[in-house]
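So the structure is just underneath, and the comments pick up after that.
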Amino acid sequence: MNVVFYLALVLFLGFVMGKLVSLIKLPNVTGYLLAGLLAGPYALKLVPQNAVSSMGIISDVALGMIAFNIGSEFSLSHLKKLGWRIITVTMLQSMGAFAAVLAALTLLLNQSFSFSMVIAAIATATAPAATLLVIKQYKAKGPVTDVLLPVVALDDAVCIIAFSISAAIAKSMINPAADTSLLMTIMTPLKEIIIVIIIGIGGGLLVTLFKTRVKNKDELLVVTLGTILVTAALAQMWNVSNLIACMMIGATIVNLTHSSHSVFSSLDRITLPIYVAFFTLSGADLNIGILKSIGIVGICYILARSIGKIAGAYLGAKFMKMPETVQKYLGITLLPQAGVAIGLSIAAQSILPEYSSTIRTIVLSATLIYEIFGPVLTKIALIQAGEIGTPDIHNKKTSYQKTA
């Protein structure tokens, strides 16, 4: 098997499909995903499964870079303007998804409470990758974008805590004799988050230290990318979130470095081929045939999660008196779901082994639907909010920034 050949094929097919879908005003990322879906092992088989698996490192690199870029939104001056509003919106949109899925599965479909609670916790996860690419492609800017990026970043931490607590409660319901004290239930995910924050801050300090010693952007690129990879590797080694770790690198740099833009822009020259390969391979990993076995529970999960995310984001933004565009359109941009949810569905197999195949089928089917339609919905929402295609929006302060 010639991995280099398949990588070249993935890059070419993804790039061409991205250009083709842009002709009908769809986001490039939708084209990348469709190219992978068609060329992958579950459709035309141009790229076999072993080739997709052998290029797994591309996913680690791409997700690390995406999380690193999102971390740049954690400027303390920016967060001071947003304050508790971001935390409130993040909590309510997560709670909305959790409550909607839990209620739908237990009350409407009469599913077991332990199963419903675990999959409801998975429903809180939001995937940042496709959303960020849409924002970058169309240079979206405005109140919705300002709120969206930090909410997506915080959502990962909220999801991990929600899943850990739900898993502990589910275990205690299945096996009442198990030792699942409330304190340990809360402390375990908190300990993981503290570890991952320390790893990320360490990476950020390393880049900040080297930044004053490198001679040009090429050297800065090497230092930055190397730090992202080392940080992601350490996080995986200690079984904590590599996304949060890489976000913290970006957050540390943006707060400690006066000219942090040069650090983030140093990656720009290599992002396109990595993102094209990542999303095309992500599409190749999607098995469209799995939709046949999703069943009524899966359909209910997708609908309830979507309603919960949109309603929760609306209520949070309304309660915090955010602009009307944020209230109306933020929830739609939070629908994509991928890596974190898939990872948690695998973790759920050991908690509820009798439901393992059901949980995995539901989450993978939902990922397929959200990954294909999510970027399109995000673009539509940002257009309706006036943050894409408004000529002067990049040169003036938004009403949200003025009142924040």
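Following our numbering, the numbering of the sequence shown begins with 41 at its first residue and continues without gaps. For each residue, glycine too, the CB sits at the ideal point set by N, CA and C. Note that the structure is predicted; figures quoted are calculated from it, not measured.
Determine the extent of the alpha helix (DSSP H) in which residue i is found, giving its start and end residues.
i: residue 63; result: Neither: residue 63 is in no alpha helix (DSSP H) and is coded neither H nor E.
i: residue 389; result: 379-391
i: residue 315; result: 308-324
i: residue 358; result: 335-359
i: residue 284; result: 282-296
i: residue 94; result: 89-94
i: residue 99; result: 97-111
i: residue 32; result: Because the chain spans 41 through 444 in this model, residue 32 falls outside it and cannot be assessed.
i: residue 142; result: 124-143
Compare the beta carbon distance of residue i and residue j with 7 Å and say whether it is the shorter of the two.
i: residue 303; j: residue 264; result: yes
i: residue 418; j: residue 377; result: no
i: residue 384; j: residue 162; result: yes
i: residue 291; j: residue 413; result: no
i: residue 71; j: residue 57; result: yes
i: residue 343; j: residue 166; result: no
i: residue 110; j: residue 287; result: yes
i: residue 88; j: residue 365; result: no
i: residue 63; j: residue 323; result: no
i: residue 275; j: residue 236; result: yes
i: residue 402; j: residue 338; result: yes
i: residue 313; j: residue 69; result: no
i: residue 92; j: residue 404; result: no
i: residue 233; j: residue 197; result: yes
i: residue 169; j: residue 106; result: yes
i: residue 427; j: residue 228; result: no
i: residue 155; j: residue 410; result: no
i: residue 49; j: residue 326; result: no
i: residue 260; j: residue 306; result: yes
i: residue 102; j: residue 164; result: no
i: residue 75; j: residue 53; result: yes
i: residue 254; j: residue 191; result: no
i: residue 295; j: residue 116; result: yes
Does DSSP put residue i in a helix, in a strand, or in coil?
i: residue 117; result: helix
i: residue 171; result: helix
i: residue 81; result: coil
i: residue 301; result: helix
i: residue 253; result: coil
i: residue 179; result: coil
i: residue 425; result: coil
i: residue 367; result: helix
i: residue 166; result: coil
i: residue 68; result: helix
i: residue 375; result: coil
i: residue 362; result: coil
i: residue 194; result: helix
i: residue 274; result: helix
i: residue 261; result: helix
i: residue 149; result: coil
i: residue 86; result: coil
Beta-carbon within less than 7 Å of residue i's beta-carbon, same chain only, minus the 5 sequence neighbours each way: which residues are those?
i: residue 47; result: 95 and 317
i: residue 125; result: 360 and 362
i: residue 247; result: 263, 264, 267, 289, 293 and 303
i: residue 340; result: 144, 145, 148 and 149
i: residue 55; result: 316
i: residue 157; result: 142, 206, 209 and 210
i: residue 347; result: 140
i: residue 214; result: 154
i: residue 424; result: 369
i: residue 297; result: 248, 251 and 303
i: residue 379; result: 103 and 167
i: residue 98; result: 314, 317, 318 and 321
i: residue 151; result: 145 and 337
Please return the same chain residues whose Cβ sits closer than 8 Å to the Cβ of residue i, not counting the five positions on each side in sequence.
i: residue 351; result: 136, 140 and 371
i: residue 188; result: 171, 175, 370, 373 and 374
i: residue 51; result: 313, 316, 317 and 320
i: residue 270; result: 243
i: residue 43; result: 91, 94 and 95
i: residue 389; result: 396, 399 and 400
Excluding the 5 residues flanking residue i on each side, which residues of the same chain have their C-beta closer than 6 Å to its C-beta?
i: residue 250; result: 263
i: residue 282; result: 272, 275 and 276
i: residue 345; result: 137, 141 and 163
i: residue 421; result: 369, 372 and 373
i: residue 257; result: 306
For chain C, is any of its Cβ atoms less than 7 Å away from the one on residue i?
i: residue 82; result: The chain inventory of the structure shown lacks chain C, comprising one protein chain alone.
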